[in-house]
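Residue numbers (our numbering), protein chains in the order written: chain A, 168 to 540; chain B, -7 to 268.
Just so it is clear, CB atoms sit at the ideal spot from N, CA and C, and this is done for glycine as well.
Quick look at the structure:
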């Protein structure tokens, strides 16, 4: 268990700038999930923390000590890889014992540690087997066992569930969470799957093209996304974004499609006619009288819910998705209303969330280190 | 689905076996017959009356003009083992350096090794002799194997094997605290064990069969290899002790065959093992 601090971390590979200044502070025992699309730099960030890459700039502090220059082996961290990275010629026991053997731990202590970790993960019957005799889920557990046995200050997870089938993923997700809570080890978890992010993280760091978009709890990220990228990344189906303008002295938004929706939570600052992007999640759109006529393109019945894909009149390219429970009403046109209390307001140009004037808790957005890139 | 056996295929294969086995059998049978009879051309397919007595004679005393065969076998064994082991050690280390480390001129070094493959033996042999003479290794046992242990082919082979080792495995070992030599010993070598076994067999046979270089570098008869010994035995036509030559040939065959048979289990199992 330990606290981790990243200060102004940057990484470039030659002319390619992957990370543009990341600042992060992890509390002891916290599980932080770094989430983002492929290529956003999340794996690079993890590898910088692990010591497998050296930062172009910035510092890494573990429990207050500067470890930026240290070798991976000197950092007291353990990593769980996407492809498990088990030593193919060693048994499960030897795989887990290897790191301890190198550190010169006495044989009996090694045996005890490995057996404890194996008990925790249900691996006892498999200790003598080789990795090729195990299933994917079992191999992943061995990889975790190898990390646990080291008793490190920090756990690093690099998309560990990506290679498992959907059902196994759900099961392993819960197991990872249970283990991490039980062991209380500070953890950094990287994934592109937003469901994993929401269920596993104490806090989420959403990365977008090497820059931090939002750092907050899962609920906060879901209910008050800091910008349009985060808004459309978290939540499936993705949030609908509609162009609009600021009207009525900042108290309402007039959608390009026509209707004007008043803000339920207060005035926004800005000139009349200022370009906005209104966000509304598919599950919050309501079908009801007096709404905009949505032209239905596709209905997807999921059993418990129905997804309706359509577009607003005059904007055939912009798809709108509505999620309704139960079966959908049939028809080529459905009246769709935007409930004001579920509306998200973003600045059209920058994509940033616009909060009402005098809002008490603006969404936390990690200030990227502002300097010329 | 065919139920009756494929006579044509079996017949062709049997013919192939006979084609290969016949000369070996002839030599084996001939070694038990009378040398004068053989010289006249009376080489029969059936074992003769001399039995296996010629083997003992040849092992302990050789024939005229040669060392005892046991001595020549020993020289050949020493040379073949030294060459096989030496080649493997050097090429594993070079391939390891080229694949897992970053150093200036790395690419140049690799290409230099690669380019030596283009030099035929005839081009290399005189300069090699000169260098060995300067080192004082002419007519010494070490001169037999030292020049032969640098191998571009083996280096290339191991390079391909090492490059196929997944990056994550290297990183996991780094996180576990394995330094470069540890990583080589604990991970790279076991993972390449099948390749090393296969290469050992090939290089042993290669070393065993060396003729030109040992002939050049050693004039002292007590450094004769078995291959050179056989050629020496076939001296003047009328005086050749053919039974002895054949017996020696059979004895020269045995060690490589034994090595192949013993190592076969190792490297077939390794190659069939499956995903890493």
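Check                                                                                                                                         : Outcome
Contact set between the segment 227 to 253 of chain A and chain B, restricted to residues whose Cβ is under 9 angstroms from the partner      : 238, 239, 240, 241, 242, 244, 245, 246, 248, 249, 250, 251, 252 and 253
Buried or exposed by the 16-neighbour rule on C-beta atoms within 10 Å, applied to residue 203(B)                                             : exposed
Reduced DSSP secondary structure (H/G/I, E/B, other) of residue 56(B)                                                                         : coil
DSSP bridge partner residues for residue 381(A) (one or two, in chain order)                                                                  : 373(A)
Chain A contact residues for residue 176(B), given Cβ-Cβ distances below 7 angstroms                                                          : Within chain A, no residue comes near residue 176(B); the closest Cβ sits about 13 angstroms away, beyond 7 angstroms.
Nearest neighbour of residue 475(A), chosen from 464(A), 415(A), 485(A) and 484(A) [CA to CA]                                                 : 464(A)
Given 8 angstroms, three or more beta-carbon pairs between the segment 295 to 313 of chain A and the segment 227 to 237 of chain A            : no
Proximity of residue 166(B) and residue 239(A) at Cβ, strictly below 7 angstroms                                                              : yes
Integer-rounded CB distance, given that residue 105(B) should sit under 8 angstroms from residue 144(B)                                       : 5 angstroms
DSSP bridge partner residues for residue 503(A) (one or two, in chain order)                                                                  : 454(A)
Unbroken stretches of the alpha helix (DSSP H), 4 residues or longer, contained in the segment 172 to 245 of chain B                          : 172 to 175, 185 to 200, 204 to 209 and 218 to 225
Assigned exposure category for residue 103(B) - 16 Cβ within 10 Å defines buried                                                              : exposed
Partner residues on chain A for residue 169(B), Cβ-Cβ distance less than 7 angstroms                                                          : 240, 266, 269 and 270
Cβ-Cβ distance between residue 216(B) and residue 64(B) below 7 angstroms                                                                     : yes
Coarse secondary structure for residue 171(A), derived from DSSP in three states                                                              : strand
Where residue 72(B) sits in the DSSP three-state scheme                                                                                       : helix
Whole-angstrom distance between residue 184(A) and residue 535(A), CA atom to CA atom                                                         : Legend: pLDDT at residue 535(A) = 36, less than 50; position of this residue unreliable, no value from coordinates given.
Candidates 118(B), 193(B) and 133(B), of which the one nearest residue 77(B) by Cα                                                            : 193(B)
Neighbouring residues, chain A, relative to residue 188(B) (Cβ below 9 angstroms)                                                             : Per Cβ cutoff of 9 angstroms: no residues; residue 188(B) is ~13 angstroms from chain A at best.
Residue 266(A), DSSP secondary structure in three states                                                                                      : helix
Nearest-angstrom beta carbon gap, residue 258(A) and residue 296(A) [assumed within contact, 8 angstroms]                                     : 6 angstroms
Near-chain B residues of the segment 198 to 228 of chain A - C-beta to any C-beta below 9 angstroms                                           : 214, 217, 218 and 219
As assigned by DSSP and simplified to three states, the class of residue 249(A)                                                               : coil
Residue 496(A) - containing alpha helix (DSSP H), residue span                                                                                : Note, residue 496(A): premise wrong, no alpha helix (DSSP H); not H, not E.
Against chain A: residues of the segment 84 to 100 of chain B by CB proximity under 8 angstroms                                               : none
Proximal residues of chain A, C-beta to C-beta of residue 160(B) below 7 angstroms                                                            : 248, 250 and 252
Validate contact between the segment 466 to 474 of chain A and the segment 430 to 448 of chain A using beta carbons, cut 8 angstroms, 3 pairs : no
Paired residues, beta bridge with residue 184(A) - DSSP                                                                                       : 179(A)
is_contact[residue 114(B), chain A] using C-beta, thresh 7 angstroms                                                                          : no
Residue 128(B): CB within 6 angstroms of a non-hydrogen atom of the ligand COA                                                                : This structure lacks the ligand COA; in fact it carries no ligand of any kind.
Inter-residue CB distance, residue 264(A) and residue 281(A) (contact presumed, cutoff 8 angstroms)                                           : 5 angstroms
Stretch-stretch touch, CB-based, cutoff 8 angstroms, three pairs: the segment 446 to 457 of chain A with the segment 481 to 491 of chain A    : yes
For residue 176(A) and residue 224(A), the rounded distance between their alpha carbons                                                       : 6 angstroms
Segment contact, 8 angstroms Cβ cut-off, at least three pairs: the segment 189 to 202 of chain A with the segment 368 to 384 of chain A       : yes
Beta-carbon proximity of residue 255(B) to residue 189(B), cut-off 7 angstroms                                                                : yes
Local Cβ density within 10 Å of residue 13(B), reported as buried at 16 or more and exposed below that                                        : exposed
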